[in-house]
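Undergrad:
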Amino acid sequence: MGETDEYGKTERAGRTDRAWIEVDRGNLLHNVSELQRICGGKCALMPAVKANAYGHGDVIVSRILQEAGIQDYCVASVDEGIRLRRAGISGQILILGYTHPDAFPELKDYRLTQTAVDLDYAGKISAYYGNSIAVHVGVDTGMHRLGIPYDRTDLVEKVWALPGIRVTGVFSHLCVSDGLTEAEDRYTREQIKRFDHVTEYLRAKGIAGFQTHIQGSYGILNYPEYSYNLARPGIALYGCLSSAADRVRAEVSLKPVLSLKARVACVKDLPAGEAAGYGLTYTAETVRRTAIVTAGYADGIPRSLSNRGQAIVRGRKVPVIGRICMDQLTLDVTDAPGVSSGDEVIFIGEEGGNRLTAEDMAEAAGTITNEILSRLGNRPGRLEV
Ligand SMILES: *Cc1c(COP(=O)(O)O)cnc(C)c1O
2 MGETDEYGKT ERAGRTDRAW IEVDRGNLLH NVSELQRICG GKCALMPAVK ANAYGHGDVI
62 VSRILQEAGI QDYCVASVDE GIRLRRAGIS GQILILGYTH PDAFPELKDY RLTQTAVDLD
122 YAGKISAYYG NSIAVHVGVD TGMHRLGIPY DRTDLVEKVW ALPGIRVTGV FSHLCVSDGL
182 TEAEDRYTRE QIKRFDHVTE YLRAKGIAGF QTHIQGSYGI LNYPEYSYNL ARPGIALYGC
242 LSSAADRVRA EVSLKPVLSL KARVACVKDL PAGEAAGYGL TYTAETVRRT AIVTAGYADG
302 IPRSLSNRGQ AIVRGRKVPV IGRICMDQLT LDVTDAPGVS SGDEVIFIGE EGGNRLTAED
362 MAEAAGTITN EILSRLGNRP GRLEV
């Protein structure tokens with residue numbers, strides 16, 4: 002797709018890239034309807050498409066979501082919002098974090114909604130542009146990150162009193178909704194209670210016409226009995242839980258949206274007793290058949306998976322050996338007969354009944370899927386399948 006360049010070629014993307022990402026439209030739509038079902042009819046999804054839609058490709062993902070009727074999106078920065086507008090996303094786009102006042106003109110020009118991270122900051126927005134920028138007020142109900150403290154309802158109320166400010170929402174964020182211990186459950190319900198207290202206070206003061214939201218993925222999946230105007234799913238929308246070990250209360254079927262693939266560059270034997278790669282960290286005990294693969298840590302495969310990651314090639318799971326390089330890595334394909342140059346290699350995805358998930362990769366790397374996915378490089382092309 003795209004325009005022809007001076008060499009008469011159009012942009013290549015996807016399977017001819019050395020590493021690429023496939024976005025499964027059907028699975029994304031499936032997750033949308035699952036989350037919508039759990040949220041209930043009165044709540045609209047406002048997907049988190051920040052960080053390039055958790056590495057999936059924000060434009061691809063948002064266009065699919067828009068076609069599916071999604072009208073609200075959240076991002077982390079002005080630039081992410083602008084990318085969506087340029088891609089033709091027309092609904093509400095909320096910036097969840099801080100925006101430098103020098104970028105306030107962009108908020109206005111691109112019709113982006115800005116989070117008021119505290120009262121002082123709301124004052125800056127008000128002073129700058131009068132009533133042209135829409136604002137959602139952040140309320141800190143216990144995470145102690147952004148927002149006006151929940152017990153300072155007087156300060157929350159003051160945002161409305163700022164000259165010309167246009168407040169269209171009030172929201173908070175849960176910090177232990179992924180945990181189901183008694184203490185975590187109690188804390189989450191307390192956060193929700195504090196949030197309700199703030200919105201009830203505002204309504205009692207005659208303030209109305211604002212949207213409310215507090216649930217991310219785990220807020221939806223573990224506290225489905227609560228319902229607000231909007232919910233902000235990220236990771237679950239992409240068909241993942243943060244960790245394989247997580248359990249959630251709602252009955253839900255999530256399907257992974259992303260696959261990460263690359264190619265075998267060449268195949269060779271590593272003789273017994275020889276070591277391979279930077280630092281010579283792997284030594285062959287017996288002769289090994291190795292495949293050098295066209296993906297590395299600059300594509301998002303954590304270097305910590307050196308000598309411990311896995312991939313699927315010719316339908317078989319095989320181990321990473323030696324250090325992962327910036328652009329390449331090595332697999333031991335001794336047990337996957339017939340591997341040859343040009344073969345497809347799957348790091349996240351499935352083939353031949355074998356499956357590697359983002360959860361598997363996250364667990365091996367000692368992190369969560371959110372980090373694995375959002376750190377996928379910008380070098381792999383993204384394509385919809
Ligand atoms: C990233 C983010 C989300 C989405 O979180 P998930 O756990 O991925 O669903 C929701 N709300 C806020 C404020 C966020 O920063």
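Heads up, the sequence shown is in our numbering, so the first residue is 2 and it goes up one at a time. Backbone N, C-alpha and C fix where the C-beta goes; we use that ideal spot for every residue, glycine too.
1) Answer yes or no: the CB of Ile349 versus the heavy atoms of ligand 1, is any distance below 6 angstroms?
2) Please report the distance separating the alpha-carbon of Met2 from that of Leu384.
3) Just to confirm the assignment, what range does the alpha helix (DSSP H) spanning Asn371 have?
4) Quick one: any contact between the segment 289–299 and the segment 256–273, if contact means 3 or more CB pairs under 8 angstroms?
5) May I ask you to list the residues that DSSP assigns as paired with Lys10?
6) Quick check on Met327: buried or exposed, where buried means 16 or more other Cβ atoms within 10 Å of its Cβ?
7) Under 8 angstroms by Cβ, that's how I've got Val76 and Val50 pegged, so tell me the actual separation to the nearest angstrom.
8) For a test of your reading of the model: does the CB of Pro48 fall under 6 angstroms from any non-hydrogen atom of ligand 1? Yes or no.
9) Just tell me which of Leu108, Pro257, Gln329 and Glu23 has its CA closest to the CA of Ala277.
10) For Gly378, which residues in the same chain have their Cβ closer than 6 angstroms to its Cβ, ignoring the five residues on either side in sequence?
11) Please name the residue, chosen from Leu374, Arg187, Ala54 and Gly58, that lies closest to Ser244 on a Cα-to-Cα basis.
12) Do Gly240 and Leu255 have their C-beta atoms closer together than 7 angstroms?
13) Threshold first: 3 residues or longer. Then list the beta strand (DSSP E) segments lying entirely within the segment 19–63, N to C.
14) What are the partner residues of Glu385, as DSSP defines its beta bridges?
15) Rounded to a whole number of angstroms, what is the C-alpha to C-alpha distance between Arg356 and Ala45?
16) Tell me, please, which residues DSSP counts as bridged to Phe105.
17) Within the same chain, show all residues whose beta-carbon is closer than 8 angstroms to that of Asp103, passing over the 5 residues directly before and after it, in chain order.
18) Indicate the three-state DSSP secondary structure (helix, strand or coil) for Arg16 in the structure shown.
19) Can you round the beta-carbon distance between Ala69 and Val33 to whole angstroms, since I take them to be within the 8 angstroms contact cut?
20) Among Leu238, Val199, Val79 and Val346, which one has its Cα closest to the Cα of Ile313?
21) Quick check on the burial criterion: 16 or more other C-beta atoms within 10 angstroms. Buried or exposed for Asn223?
22) Helix, strand or coil: which one does DSSP assign to Ser260?
23) Under the three-state reduction of DSSP, which class applies to Asp121: helix, strand or coil?
TA: Walking through what the data contain:
1) no
2) Any reading at Met2 must be qualified, since the residue scores a pLDDT of 46, below 50, and its modelled position is unreliable; the value itself is stated next. Computed Cα separation, rounded: 11 angstroms.
3) Thr370 to Ser375 is the span of the alpha helix (DSSP H), which, as asked, contains Asn371.
4) yes
5) The partner list for Lys10 (beta bridge, DSSP) is empty, contrary to what the question assumes.
6) exposed
7) Sure, about 6 angstroms apart at Cβ, within 8 angstroms.
8) Taking non-hydrogen atoms of ligand 1 into account, the C-beta of Pro48 is found less than 6 angstroms away from none of them.
9) Ranking Leu108, Pro257, Gln329 and Glu23 by CA distance to the CA of Ala277 puts Gln329 first.
10) Ala299, Asp300 and Gly301
11) It is Leu374 whose Cα lies nearest to the Cα of Ser244.
12) yes
13) Listed in chain order, the complete beta strand (DSSP E) runs (minimum 3 residues) inside the segment 19–63 are 20–24.
14) Val24
15) 32 angstroms
16) Per DSSP, none; premise fails for Phe105.
17) none
18) Here Arg16 carries a coil assignment [DSSP, helix/strand/coil].
19) Confirmed, Cβ separation roughly 6 angstroms.
20) Val346
21) Buried, because 16 or more other Cβ atoms sit within 10 Å of the Cβ of Asn223.
22) strand
23) helix
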